[in-house]
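S.K.: Below is the structure I would like to discuss, written out as C-alpha cells.
Structure follows, in C-alpha cells:
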C-alpha cells in the first residue's frame, strides 16, 4: 500500500506560524492570548476507571467533558482502539504511540537512552503520534495544544494534522526528525493544510482522537495492499461535541461492565469503603 498526501505543501521555513494562511496566523495569535486550560488540583484525583494499562481519574473525566484533553484521555483512546479495533485486523502492523512516549521521544537528550521504552518498529508500517507543544522536560502534562503526526514507515513520509493551522509545526518537525533517527531512515515531512480546523481553544485533543480513528480505519486498515491511499482530510467535518459524548459513552459502558465483573468476583464481599476506593476495572 502506498500512501499519498493531498492538499499538503513542503518547503516552509521554520520559526513562523507555518502551513497557515494569514487568517490562521491571526487565530493562532488569538489562541496564544487566550486563557490556558483549567488548572487541575495538586491533590490526587479519585480513580474513575482502570482500563488495561490506563487509569482514568475524575479530573480526566471533567477534562473530557468540558476542557482541553489530558494526555491520559488520549492514551485511553489509543488503548481502546488497540483493544477493540486493531485485533480485527491481525495482519496490520500499526503502532499507536502514547502521548507520554511521544513526549519522551521529543525531549530525550540521548535517543539511545530511551530505546527500551519504545516499541519494536521492525515490522511496523505506520505510527500514530499525538504531538504536544510542551517544551518543559519536567512536565509531560504541560503544553496547550495537541496535533497528530502519522508516519508511513514503508513510504518514509510523515503527515502532520494540526487543527490550529500550523501551531505545532516546529514540534511536529522535531518529532519527525527524531523518529527518523530512531528508525534509521530520513522521513519526508508533509504539513496537511486541509486538516479540519477547530472553532475554539479546547478541542484540539478531540480532533486528534477523531482524525486518528478516521485515518486508522477508513484509510489504512480497510485499504487494499496494492492501492494508493490518500491521507487527505479535505472536507471532513469534525463534530467535537459528538466526539466528546461518544468517548464518554464508551467510558461509561466500560465502567458499567467493570462494575458487573466486580459484582461477580469472589472478592466482591469486601467492605464497601474498601471497594469504593477501587475503580471499576477492565483487563
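Numbering (full-length UniProt numbering), first residue to last: 1 to 283. Cβ atoms here follow ideal geometry from the backbone N, Cα and C, with glycine treated the same way. As the structure is a computational prediction, the values presented were derived from the model and not from experiment.
Based on Cα-Cα distance, which residue from 86, 194 and 129 lies nearest to residue 180?
M.R.: When only C-alpha atoms are compared, the closest one is 129.
S.K.: Measure the beta-carbon distance from residue 170 to residue 211 and round it to whole angstroms, keeping in mind my assumption that it falls under 8 Å.
M.R.: Not quite, the Cβ-Cβ distance comes to about 20 Å (not below 8 Å), so this is no contact.
S.K.: Comparing alpha-carbon positions, which option in 137, 195 and 264 lies nearest residue 149?
M.R.: Looking at the Cα atoms, 195 is the closest of the given residues.
S.K.: Using the three-state DSSP reduction, which class does residue 207 fall into: helix, strand or coil?
M.R.: Helix at residue 207.
S.K.: Between the segment 245-260 and the segment 221-234, do three or more beta carbon pairs fall short of 8 Å?
M.R.: No, the segment 245-260 is not in contact with the segment 221-234.
S.K.: What are the partner residues of residue 132, as DSSP defines its beta bridges?
M.R.: Paired residue(s): 146.
S.K.: According to DSSP, residue 281 sits in a beta bridge with which residue or residues?
M.R.: Answer is 50.
S.K.: Using the three-state DSSP reduction, which class does residue 35 fall into: helix, strand or coil?
M.R.: Note that residue 35 scores 49 on pLDDT, short of 50, meaning its location in the model is unreliable and no value can be drawn from it.
S.K.: Considering only residues of the same chain and omitting the five flanking positions on each side of residue 248, which have a CB-CB separation below 8 Å?
M.R.: Same-chain partners within the cutoff: 61, 64 and 65.
S.K.: Select from 87, 253, 263 and 266 the residue whose C-alpha is nearest the C-alpha of residue 51.
M.R.: Here the closest residue by C-alpha is 253.
S.K.: Using the beta-carbon count (16 or more within 10 Å), is residue 143 buried or exposed?
M.R.: Residue 143 is buried by the Cβ-count criterion.
S.K.: How far does the beta strand (DSSP E) with residue 161 in it reach, from first residue to last?
M.R.: From DSSP, the beta strand (DSSP E) with residue 161 extends over 157-161.
S.K.: Could you tell me if residue 234 is buried or exposed, where buried requires 16 or more neighbouring beta carbons within 10 angstroms of its beta carbon?
M.R.: When all chains shown are included, residue 234 counts as exposed.
S.K.: Could you tell me the distance, in whole angstroms, from the CA atom of residue 279 to the CA atom of residue 190?
M.R.: Whole-angstrom Cα-Cα distance: 42 Å.
S.K.: Below 7 Å CB to CB, which residues in the same chain sit around residue 93 once its five sequence neighbours on both sides are set aside?
M.R.: Only 123, 124 and 125 meet the Cβ criterion.
S.K.: Just curious, the beta strand (DSSP E) that residue 96 is in, first and last residue?
M.R.: 94-96 is the extent of the beta strand (DSSP E) around residue 96.
S.K.: Whole-angstrom Cβ separation of residue 163 and residue 207, contact assumed at under 8 Å?
M.R.: Rounded, the Cβ-Cβ distance is 4 Å, consistent with contact.
S.K.: Could you name the residues of the same chain whose beta carbon sits closer than 7 Å to that of residue 108, not counting the 5 residues immediately before and after it, in chain order?
M.R.: Taken in chain order, the residues that qualify are 114.
S.K.: Return the CA-CA distance between residue 232 and residue 159, expressed in angstroms with no decimal places.
M.R.: Near 9 Å, if we compare the C-alpha coordinates of residue 159 and residue 232.
S.K.: Is the beta carbon of residue 110 within less than 6 Å of some heavy atom of the ligand HEM?
M.R.: In the structure shown, the ligand HEM is absent, as is every other ligand, since no ligand is present at all.
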